[in-house]
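For the sequence shown, counting from 1, position 370 maps to 445 in the numbering used here; every step adds exactly one. Here's the structure, in structure tokens; my notes come after.
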Amino acid sequence: MNYKRNLKMALAPVLAASLLLAGCGKTADNAPVKQNSAEKSGSELQPYEISWVFRGASQKDLNLIAEEMSKITKQKINATVKLTAIDSAAWDQQATLLLSGNEKVDLIYTKAATYSSQVAKGQVLPLDDLLKKYGQDILKSIEPDILSATKIKGQTYGVPTVRDFASFAGIVLRTDLLEKYKIDVSKIKTLNDLDPVFKTIKENEPNLTLVGPQVAGTSTLDLQVNASVDSLGEGLGVLVDVDDLKVVNLYETPLYADYLKTVRRWYQAGYISKDAATSKEGGYDLIKANKGFAAMIKGKPGNDVIISQLTGKPMTLIQLSPTLSNTYSITNTMFSIPKNSKNPERAMMLMNLMYSDKQLINLIDWGIEGKHYVKKSENTIDFPSGVDAASSGYNLRQGWMLGNQSLSYLWANEDPETWTKMTKFNKEAKKSKALGFTFNTDPVKTEIAALTNVVNQYKMGLETGTVDPDVNLPKFIAALKSAGIDKVVGEKQKQLDEWAKSAK
């Protein structure tokens, strides 16, 4: 997979850090693309600069990547590319400001939790006609049932990237420490099985934070909870049993209460950082800085290798829940074209290239050959001599967010069958009975706004173990009741029942 905290203060440095364009001449941002432009050569189209905003850590060489991409896109669609990466912790706030303002953005990362709201507010455009005219490679790359799962009221507003469409709750642990202390991980099946592992590491490495969230700004339990249920969107009414279309308040379930007891125990034992509820460092950050041992993640095939590259330390992946596919797992990483785009046709042309042009995809995935990676074989790469994950000027590691991942090179230490296994992983995943359902939040948007404030008040403290769940979970549930969660659950159940009838 962060934009304007203060529309001016945040935007200036972020945009400056995301420059791009090389030798482009004058652009005509408002020049429309003619109906038959899909058949034209790039040189016959009006010049245009495509602004692409995505979630991701700042990269020193992002401008260089954009310049190299622009050389290709200028030839193919007479457009240059402007890349803006916004940090995960700032994404929600900045993306909201960006989409509600007038700043030109042509392509933007879209996720499940905010997708239906963006559609309801008219912040993103319907894409069906654009896909038919300019997105043929996209349509060839994505199975119809996957693309159909993104539809809202029969229209497509987001295009999923080609990646894993399923996930499991997991954890990655430092392999060097597992080997050093001869820890057998084969019996780890649940969160509670991690206690003896953490105890051993804590006794021998007392200065380490033993477990943190995947990224800063989220709770220790965030992805564990999310991957264990069908969140049905924003997570205020979920399916705990994905074979049954019974919507429940997650926070009242025994599952949630048990999770909270576990992280509270870990916090009291010193396994979780004392400032976990407010920390600006995620689990990956801590591991990379040699201050952490493990991170909670959403798992998929090959995760361990990618995370090893990202952190600079060999990691071991443990699966903690069944593999599940639901609407969220499909819609949580998509491209959308905002209403702020000055040229949606050209935006779709670039999007289409990200599903078909191997050179473009590997540029944004891995950087510039010879500088950020070297090829070991036709589809295998490694760091150049003297370069590693910590020193590279471009180490984004987010191919799953940026187009057709199956065209992406694999690292020398990755399984060469990764993409074949990904296809198998997707096909064999357990599918939620509600796959394809998207909740329309409009009837309860007032309640959702109030509930979001309540969740923000309690979630981090509870899901990092910082506060006592015996005292605070009942308060949390009571506050949710007062804010209208039963109305939201009821509305979601009503819509789900109607969807199920129409889907038969």
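C-beta: ideal position from N, C-alpha, C; glycine also.
- Taking the Cα positions, Ala554 is about 36 Å away from Ile362.
- Counting the other Cβ atoms within 10 Å of the Cβ of Pro271 gives fewer than 16, which makes it exposed.
- Counting only runs of 3 or more residues that sit fully inside the segment 214-275, the beta strand (DSSP E) segments are 243-249, in chain order.
- For Gly461, the number of other beta carbons within 10 angstroms of its own is below 16, and it is reported as exposed.
- Under the 10 Å beta carbon count, Val128 is surrounded by 16 or more other beta carbons and is classified as buried.
- Rounded to the nearest whole angstrom, the C-alpha separation of Gln289 and Glu356 is 9 Å.
- Ser216 is classed as buried because its beta carbon has at least 16 other beta carbons within 10 Å across all chains shown.
- For Glu142, the secondary structure class from DSSP, reduced to helix, strand or coil, is helix.
- The three-state secondary structure of Phe512, taken from DSSP, is coil.
- With respect to the 7 Å criterion, Ile439 and Tyr448 are not classified as neighbours on the basis of their beta carbons.
- Going by beta carbons, Gly312 and Lys149 fall outside the 7 Å limit.
- Contact check for Val247 against Ile381 fails: the beta carbons are separated by 7 Å or more.
- Under the 8 Å Cβ criterion, the segment 308-325 counts as touching the segment 558-578, having at least three qualifying pairs.
- Look at Arg472 here: in three-state DSSP terms it is coil, with no helix or strand label.
- Nearest to Asp181 by C-alpha distance, out of Phe551, Gln480, Met424, Thr539, is Met424.
- Of the residues assessed, Thr498 falls on the exposed side of the cut-off, its CB having fewer than 16 other CB atoms within 10 angstroms.
- Between Ser483 and Ile523, the CB-CB gap reaches or exceeds 7 Å.
- Here Thr231 is near Asp203, since their CB atoms are less than 7 Å apart.
- In the DSSP assignment, the residues bridged to Asp457 are Val449.
- Minimum Cα-Cα distance from Glu489 among the listed residues Gly478, Leu477, Ser467, Lys451 corresponds to Lys451.
- As computed with DSSP, Lys506 is found in a beta bridge with Ser400.
- Closest by C-alpha distance to Ser577, out of Gly229, Trp166, Met144, is Gly229.
- Sequence-distant Cβ neighbours of Asp136 in its own chain, meaning closer than 6 Å and more than five residues away, are Gly468, Tyr469.
- Of Leu285, Gly245, Asp251, Gly442, the smallest CA-CA separation from Leu266 is found for Gly245.
- Between Ile161 and Pro413, the gap from beta carbon to beta carbon reaches 7 Å or more.
- According to the DSSP assignment, Tyr484 belongs to no alpha helix (DSSP H), since it is labelled neither H nor E.
- Taking 4 residues as the shortest admissible run, the segment 315-380 contains the following complete alpha helix (DSSP H) segments, listed from N- to C-terminal end: 329-343, 358-363.
- Check the Cα spacing between Met390 and each of Tyr403, Asn365, Asn479: the tightest is with Asn365.
- If you draw a straight line from the Cα of Val530 to the Cα of Ala241, it is about 26 Å long.
- Taken through DSSP and simplified to helix, strand or coil, Gly287 comes out as strand.
- With the rule of 3 Cβ pairs closer than 8 Å, the segment 471-486 does not count as touching the segment 277-286.
- By DSSP's assignment, Asp305 forms a beta bridge with Leu314.
- Under a 10 Å Cβ-count criterion, Pro329 is classified as exposed, with fewer than 16 other Cβ atoms of the shown protein chains found around its own Cβ.
- Using a Cβ distance threshold of 7 Å, Asn418 and Tyr209 do not count as a contacting pair.
- Between the beta-carbon of Leu307 and that of Phe514 there is about 6 Å, and that keeps the pair under the 8 Å contact cut.
- With a 10 Å radius around the Cβ and a threshold of 16 neighbouring Cβ atoms, Val237 comes out buried.
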